[in-house]
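Participant: Have a look at this one before I ask anything.
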Amino acid sequence: MIKINTKKLAKFFGYKLIRLVILLIVIAAISFIMIQMSPIDPVKAYLGQRIVSQEQMAIIGNYWGTNLTLGERVLGWLQTLATGSMGFSLIYRVPVTEVIMQKFTASFILMAVSWIISGIVGFGLGILAGAKEGTLIDKAIKTYCYILQSTPTFWIGLVFLMVFSVYLGWFPIGLSVPIGQLSDTVTFWQWLYRLILPAITLSVVGIASLTMYTRDKLISIKKSDYFLFAQARGESFWGIIKNHGVRNILIPAITIQFMSFNELFGGTILVEQVFAYPGIGQATVAAGLRSDVPLLLGIVLISATFVFLGNLIADIIYKYVDPRIRGEDDE
Amino acid sequence: MKELLEVNNLSISFTQYVQGLNRHDSKVISDLTIDVKESEIVAILGSSGSGKSLLAHSILGILPYNANVTGEIKYKGQVLNQDLKEKLRGKEICLIPQSVNFLDPLMKVSEQAIGECKNEKEHDEKKVIQREIFARYGLDESVDDLYPFELSGGMARKVLLSTALIGNPDLLIADEPTPGLDVKSVEETIEDIKNLKEHGKGVLLITHEIDVALKTADRIAIFYSGYVIEINNVENFKNADNVLHPYTKALINSLPRNGFKLTEGVQPLDEVPGCPYYENCAIGTDRCGKEKPNLEEHEGAMIRCFNFREANDGA
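Top line first, the protein sequences correspond to chains X and F. Everything in the first sequence is counted per numbering that gives the first Met the number 0, starting at 0 for the first residue and increasing by one. Everything in the second sequence is counted per numbering that gives the first Met the number 0, starting at 0 for the first residue and increasing by one.
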């Protein structure tokens with residue numbers, strides 16, 4: 000039933016693509032400059048604990064271009080980036096793109112699972128609380144949300160680890176594969192088993208904001224004229240919630256959920272650290288602590304693209320699914 | 000003719016907290032009495048924002064939870080309690096709402112007219128009825144798939160009217176059916192409502208437009224400051240001499256065709272001890288300031304005034 004104007008759509012995507020390119024160039028340049036201004040000395044970071052003479056250090060510095068001006072260095076970085084190369088990771092000793100691909104896949108599954116869980120649970124709880132506004136159920140859900148909203152992710156992770164892994168022993172303490180096993184010999188169930196606790200931790204945080212949003216929306220819909228009229232027409236309470244409430248909240252709620260990609264990414268860095276889950280989050284922390292500049296810059300670019308994609312999807316849903324806005328576009 | 004709806008001494012008030020914990024009951028409707036028979040249109044005429052719609056909400060049982068209601072509503076002789084309201088609304092008693100805002104913005108209008116269905120079969124049956132009624136009002140099949148925001152003013156009116164007729168009700172409550180419509184659409188709406196009367200239905204028309212009330216209704220109830228001060232047959236409204244209450248007379252005299260004579264004064268917002276019209280009344284006595292007149296019958300009309308006899312004899 001969705002009528003889509005292809006010309007309009009092509010224009011929309013063209014426009015968005017140009018914006019993405021500009022965004023990435025700016026982010027790449029700014030983050031590169033910031034790192035250049037930081038106290039990290041690339042030569043020392045590369046050498047680590049090895050002891051070399053001053054002359055040798057100067058040779059490495061020359062080879063890497065530390066004697067060039069900042070402008071030249073930025074341009075050089077952008078030019079190499081344009082060829083698709085992000086450089087060589089100092090920690091993992093493989094190209095940055097390879098590291099990111101591998102780490103991001105692991106994180107992506109974690110993020111996707113928790114994103115879906117938090118979406119479904121958050122929306123459901125929001126509808127329940129909104130429909131039962133003022134009752135004990137509503138108050139319980141609200142209290143739960145307030146507590147979650149004011150709790151840091153890593154702390155929830157630690158509490159979950161203590162309760163479910165240490166005291167109850169239901170889940171492993173961490174890592175994505177059992178100790179002493181290679182990652183390609185892990186069975187699906189083993190892998191899933193180790194994913195549960197980090198995924199739940201990550202989703203628990205996302206639930207609160209979506210629940211509160213959905214609850215608020217439903218309460219305002221309950222005050223709307225069309226809700227009143229549906230009642231006047233003899234529709235049942237839960238029928239109205241389903242037919243008119245959910246219908247009207249679903250689009251904005253999904254939009255909100257896509258816009259939350261940045262929180263998701265931020266959350267995954269903390270959660271992976273707590274659960275020692277080897278994903279992009281851990282790689283970020285490692286790159287930061289051990290001065291792996293190429294990897295850090297690569298992750299910055301990838302995360303920017305990821306968040307941009309979330310917002311883009313939210314935009315598309317908003318523009319092309321809601322019949323009111325779609326109608327305006329079709330003219 | 001059979002009585003459809005009887006409202007006796009209905010009062011609606013809201014409890015509010017003003018300035019901290021001081022409770023304040025604000026009365027919106029006081030001691031309202033009105034009835035609607037089969038094949039009859041009764042209009043409630045009052046200024047906008049005076050709470051007339053709450054009467055409709057009260058009959059349908061959709062008042063907000065903090066409303067205090069006293070009095071009695073009967074439908075076909077049966078006391079209309081909340082259970083019965085919930086059973087009858089949408090079926091025997093239907094609301095024709097004010098505007099397109101009363102439709103779900105994200106649902107196709109035909110689906111909204113059909114409403115909630117238990118299963119596919121019921122939906123299909125209702126779909127046939129919906130198409131029939133839409134067609135009766137000149138809404139072709141392309142309208143079925145439109146969303147409320149795509150409707151023009153006139154189309155929206157017909158859709159709203161159609162939604163009320165799907166359940167084939169006996170009593171219709173039209174709440175401000177003509178706000179902001181062009182002259183042609185108003186005329187059409189009036190014709191449509193009158194047409195319902197021909198089919199034996201009773202209509203309670205709630206409006207602030209005196210012309211709409213005069214052209215549509217059989218009887219008009221004048222709503223002033225929460226009170227019904229007069230209920231009279233529509234013929235009597237042609238001339239200020241034939242209506243009983245001084246406010247009704249002033250209202251009719253203020254019409255452009257009757258000389259545009261304006262009377263100063265506003266409706267009291269707070270509860271007054273005496274007659275609500277006392278402050279602006281030309282024939283008021285000391286008694287009117289202290290005591291509230293009751294709604295009493297007089298030659299087929301209802302009137303709430305101590306002095307109407309003297310005033311009308313004098314005229």
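C-beta atoms are modelled at their ideal positions from N, C-alpha and C, and glycine is treated no differently.
1) Helix, strand or coil: which one does DSSP assign to residue 71 (chain F)?
2) Does DSSP put residue 199 (chain X) in a helix, a strand or coil?
3) From this set, X:108, X:6, X:78, X:215, which residue's C-alpha is nearest residue 193 (chain X)'s C-alpha?
4) Please list the segments of the alpha helix (DSSP H) lying wholly inside the region 174 to 217 of chain F, counting only runs of 4 or more residues, in order along the chain.
5) DSSP three-state label for residue 301 (chain F), please.
6) Using DSSP with H/G/I as helix, E/B as strand and the rest coil, what is residue 12 (chain F)?
7) Using a beta-carbon distance below 9 angstroms, is residue 56 (chain F) in contact with chain X?
8) Tell me which residues share the same chain as residue 234 (chain F) and place their Cβ nearer than 8 angstroms to its Cβ, disregarding the 5 neighbours each side in the sequence.
9) Counting contacts by CB-CB distance shorter than 9 angstroms, is residue 188 (chain F) in contact with chain X?
10) Could you give the DSSP three-state label for residue 222 (chain F): helix, strand or coil?
11) Interface residues of chain X around residue 101 (chain F) at Cβ under 8 angstroms?
12) Are the Cβ atoms of residue 102 (chain F) and residue 84 (chain F) separated by less than 9 angstroms?
13) For residue 321 (chain F), collect the residues of the same chain with a Cβ closer than 7 angstroms to its Cβ; drop the 5 residues on either side in sequence, then sort them by chain order.
14) In the DSSP assignment, find the alpha helix (DSSP H) that holds residue 56 (chain F) and state where it starts and stops.
15) Helix or strand or just coil, what does DSSP make of residue 94 (chain F)?
16) In three-state terms, what does DSSP make of residue 94 (chain X)?
17) Which residues in chain X sit within 8 angstroms of residue 88 (chain F), going by Cβ to Cβ distance?
18) By how many angstroms is the C-alpha of residue 122 (chain F) removed from the C-alpha of residue 116 (chain F)?
19) Which residue's Cα is closest to the Cα of residue 120 (chain X): X:159, X:301, X:269, X:212?
20) How many Å lie between residue 206 (chain F) and residue 289 (chain F) at the Cα?
21) Can you pull out the residues from the region 51 to 80 of chain F whose beta carbon lies closer than 7 angstroms to at least one beta carbon of chain X?
22) Could you tell me whether the Cβ atoms of residue 282 (chain F) and residue 252 (chain F) are closer together than 9 angstroms?
23) Which residues share a DSSP beta bridge with residue 321 (chain X)?
24) State the Cα-Cα distance for the pair residue 248 (chain X) and residue 323 (chain X), rounded to the nearest angstrom.
25) State yes or no: is the C-beta of residue 272 (chain X) within less than 9 angstroms of the C-beta of residue 114 (chain X)?
26) Going by CA-CA distance only, name the one from F:284, F:7, F:22, F:95 that's closest to residue 227 (chain X).
27) Which residue comes first and which comes last in the beta strand (DSSP E) that contains residue 25 (chain F)?
28) I'd like the list of long-range same chain contacts for residue 96 (chain X), defined as Cβ closer than 8 angstroms, with 5 residues on each side in sequence excluded.
29) Smallest Cα separation from residue 162 (chain F): which of X:253, X:9, X:225, X:105?
30) Going by beta carbon distance, what residues of the same chain come within less than 7 angstroms of residue 278 (chain X), once the five residues before and after it are set aside?
31) Span of the alpha helix (DSSP H) holding residue 252 (chain X)?
32) Thinking C-alpha only, which one of X:307, X:131, X:11 is nearest residue 215 (chain X)?
Facilitator: For this structure:
1) In the second sequence, counting from the first residue as 1, residue 71 (chain F) sits at position 72. Note: residue 71 (chain F) maps to strand in three-state DSSP.
2) As a first step, residue 199 (chain X) is located in the first sequence; it is residue number 200 there, counting from the start. Helix, per DSSP.
3) For the purposes of this step, residue 193 (chain X) is identified with residue 194 of the first sequence, where counting begins at 1. The residue with the shortest Cα to Cα distance from residue 193 (chain X) is X:108.
4) 182 to 197, 209 to 215
5) Sequence index remark: in the second sequence, residue 301 (chain F) carries index 302 (1-based). Residue 301 (chain F): strand per DSSP, three-state reduction.
6) Translated into positions along the second sequence, residue 12 (chain F) becomes position 13. The answer is strand: DSSP assigns residue 12 (chain F) an E or B state.
7) As a working mapping, residue 56 (chain F) is identified with position 57 in the second sequence. It does; some Cβ of chain X falls within 9 angstroms.
8) As a working mapping, residue 234 (chain F) is identified with position 235 in the second sequence. The answer, listed in chain order, is 241.
9) As a first step, residue 188 (chain F) is located in the second sequence; it is residue number 189 there, counting from the start. Answer no: the Cβ-Cβ gap between residue 188 (chain F) and chain X never drops below 9 angstroms.
10) Within the second sequence, the letter at position 223 stands for residue 222 (chain F). Residue 222 (chain F): strand per DSSP, three-state reduction.
11) The count along the second sequence starts at 1 and reaches residue 101 (chain F) at position 102. Residues of chain X passing the Cβ test: 224, 225, 227, 228.
12) Counting from 1 along the second sequence, the entry for residue 102 (chain F) is found at position 103. Counting from 1 along the second sequence, the entry for residue 84 (chain F) is found at position 85. No, the pair does not count as a contact, with Cβ atoms beyond the cut-off.
13) What the structure shows of chain F is the stretch from 0 to 314, and residue 321 (chain F) is not part of that stretch, so it cannot be assessed.
14) Taking the first residue of the second sequence as position 1, residue 56 (chain F) is located at position 57. Residue 56 (chain F) -> alpha helix (DSSP H) spans 51 to 59.
15) The residue given as residue 94 (chain F) occupies position 95 in the second sequence. If DSSP states are grouped into helix, strand and coil, residue 94 (chain F) belongs with the strands.
16) Here the question's residue 94 (chain X) lines up with position 95 in the first sequence. Residue 94 (chain X) falls in the strand class under three-state DSSP.
17) The residue given as residue 88 (chain F) occupies position 89 in the second sequence. Those are 230, 231, 232, 233, listed as they occur along chain X.
18) On the second sequence, position 117 is the one that residue 116 (chain F) refers to. On the second sequence, position 123 is the one that residue 122 (chain F) refers to. Between the alpha carbons of residue 116 (chain F) and residue 122 (chain F) lies a gap of roughly 6 angstroms.
19) Residue 120 (chain X) sits at position 121 when you count from the first residue of the first sequence. For the residues X:159, X:301, X:269, X:212, the minimum Cα distance to residue 120 (chain X) belongs to X:212.
20) Residue numbering aside, residue 206 (chain F) sits at position 207 when the second sequence is read from its first letter. Residue numbering aside, residue 289 (chain F) sits at position 290 when the second sequence is read from its first letter. Approximately 31 angstroms between the Cα atoms of the pair.
21) 59, 61
22) For the purposes of this step, residue 282 (chain F) is taken as the residue at position 283 of the second sequence. For the purposes of this step, residue 252 (chain F) is taken as the residue at position 253 of the second sequence. No, these two residues do not count as a Cβ contact at 9 angstroms.
23) Along the first sequence, one-based indexing puts residue 321 (chain X) at 322. Bridge partners of residue 321 (chain X): none, in fact.
24) For the purposes of this step, residue 248 (chain X) is taken as the residue at position 249 of the first sequence. For the purposes of this step, residue 323 (chain X) is taken as the residue at position 324 of the first sequence. Cα-Cα distance, rounded: 14 angstroms.
25) Looking up residue 272 (chain X) in the first sequence gives position 273. Looking up residue 114 (chain X) in the first sequence gives position 115. Against a cut-off of 9 angstroms, the Cβ pair of residue 114 (chain X) and residue 272 (chain X) comes out as no contact.
26) Walking along the first sequence from the start, residue 227 (chain X) turns up at place 228. Minimum Cα distance to residue 227 (chain X) is reached at F:95.
27) By 1-based counting over the second sequence, the position of residue 25 (chain F) is 26. That run of the beta strand (DSSP E) goes 21 to 36.
28) Numbered from 1 along the first sequence, position 97 holds the residue referred to as residue 96 (chain X). Excluding residues up to 5 positions away in sequence, 83, 84, 85, 297 lie with their Cβ nearer than 8 angstroms to the Cβ of residue 96 (chain X) in the same chain.
29) Indexing the second sequence from 1 puts residue 162 (chain F) at position 163. Here the closest residue by C-alpha is X:225.
30) Walking along the first sequence from the start, residue 278 (chain X) turns up at place 279. Answer for residue 278 (chain X): 102, 105, 106, 109, 267, 271, listed in chain order.
31) Along the first sequence, one-based indexing puts residue 252 (chain X) at 253. Residues 246 to 258.
32) For this step, residue 215 (chain X) is matched to residue 216 along the first sequence. Here the closest residue by C-alpha is X:131.
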